[in-house]
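Novice: Position in the sequence shown counted from 1, then plus 311, gives you this note's numbering. C-beta: ideal position from N, C-alpha, C; glycine also. Quantities reported herein were computed from a predicted structural model and do not represent experimental measurements.
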Amino acid sequence: MSHKATATCGTTIRPATSGDIDAIVDLCEEFNAYIAGITGRSTRAANRSALAGNVERGLQDPGKLFLVADQAGRVCGYITGGVVGSLGQIGIVMVTASARRTGLGRGLLDAVEAWLSQRGCTRIELVGILPENPTVGFYRRHGYVLHGGTMKKDLRATGQQSISGLQER
Ligand SMILES: CC(C)(COP(=O)(O)OP(=O)(O)OC[C@H]1O[C@@H](n2cnc3c(N)ncnc32)[C@H](O)[C@@H]1OP(=O)(O)O)[C@@H](O)C(=O)NCCC(=O)NCCS
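1. Could you check whether the Cβ of P445 sits closer than 8 Å to any heavy atom belonging to ligand 1?
2. Could you give the distance in angstroms between the alpha-carbon of I390 and the alpha-carbon of V404?
3. Helix, strand or coil for R385, going by three-state DSSP, please let me know.
4. Rounded to the nearest angstrom, what separates Q382 and G418 at their Cα positions?
5. Look at the alpha carbon of V456 and the alpha carbon of L398, and state the distance between them as a whole number of angstroms.
6. Q471 by DSSP, collapsed to three states: which one?
7. What would DSSP say about E436, mapped onto helix, strand or coil?
8. Grab the span of the alpha helix (DSSP H) containing R452 for me, first residue to last.
9. On a Cα-Cα basis, can you pick out the residue from A422, M462 and T413 that is closest to R434?
10. Please classify T407 as buried or exposed, where buried requires at least 16 other C-beta atoms within 10 Å of its C-beta.
11. Between T413 and ligand 1, is there a pair consisting of the residue's CB and a ligand heavy atom that are separated by less than 8 Å?
12. Among E436, V386 and I346, whose alpha-carbon lies nearest the alpha-carbon of G402?
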């Protein structure tokens, strides 16, 4: 796979491998705790082996993209993507709290968008984002609009002003 790009100094965005599963499971647990902090409800904690099984299946699925942000061998973030017809989907983007606001989230998102675009996707939607999640702002910064209970982006548009047919509502 040709998805190798430097997001920021010393960081590589690369496809995840089975050697990353433990680190990704750590990030999944951090993500679950983060969401529980927003909703005030603790999600039924999936155990580590169940999370690892999910990640492993995702890695083996040829229709999915699973990327990690690697800082000198330390996995600090990941993102998942997939294709349904001409619709691109983004599952989770997660950057560990200590590495945020340094460009890793943008690097991961750019890489997934490029992969989806190469596969003919014209629109991208997020698979489940809570409108109360403050990171809605991160997606807005990258041209996504809240639409029909999720966030979407039209890849044919060049900027948020010219998003064709997608108005925030
Ligand atoms: C969302 C998340 C991945 C962003 O990662 P990050 O590495 O901090 O983002 P970046 O440093 O690449 O930021 C890119 C741009 O988005 C902006 N941004 C980042 N987080 C933001 C937020 N919460 N609100 C508004 N803007 C934000 C940055 O300021 C930056 O703007 P710039 O282009 O003007 O410099 C990270 O906050 C995270 O993991 N959050 C918890 C998990 C989550 O909620 N994921 C989304 C739902 S699946």
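Specialist: On the basis of the coordinates in this document:
1. yes
2. 4 Å
3. strand
4. 12 Å
5. 15 Å
6. Any reading at Q471 needs caution, since the residue's pLDDT is 38, under 50, leaving its predicted position unreliable; the model's value is listed next. Correct three-state label for Q471: helix.
7. strand
8. V447 to R452
9. M462
10. buried
11. yes
12. E436
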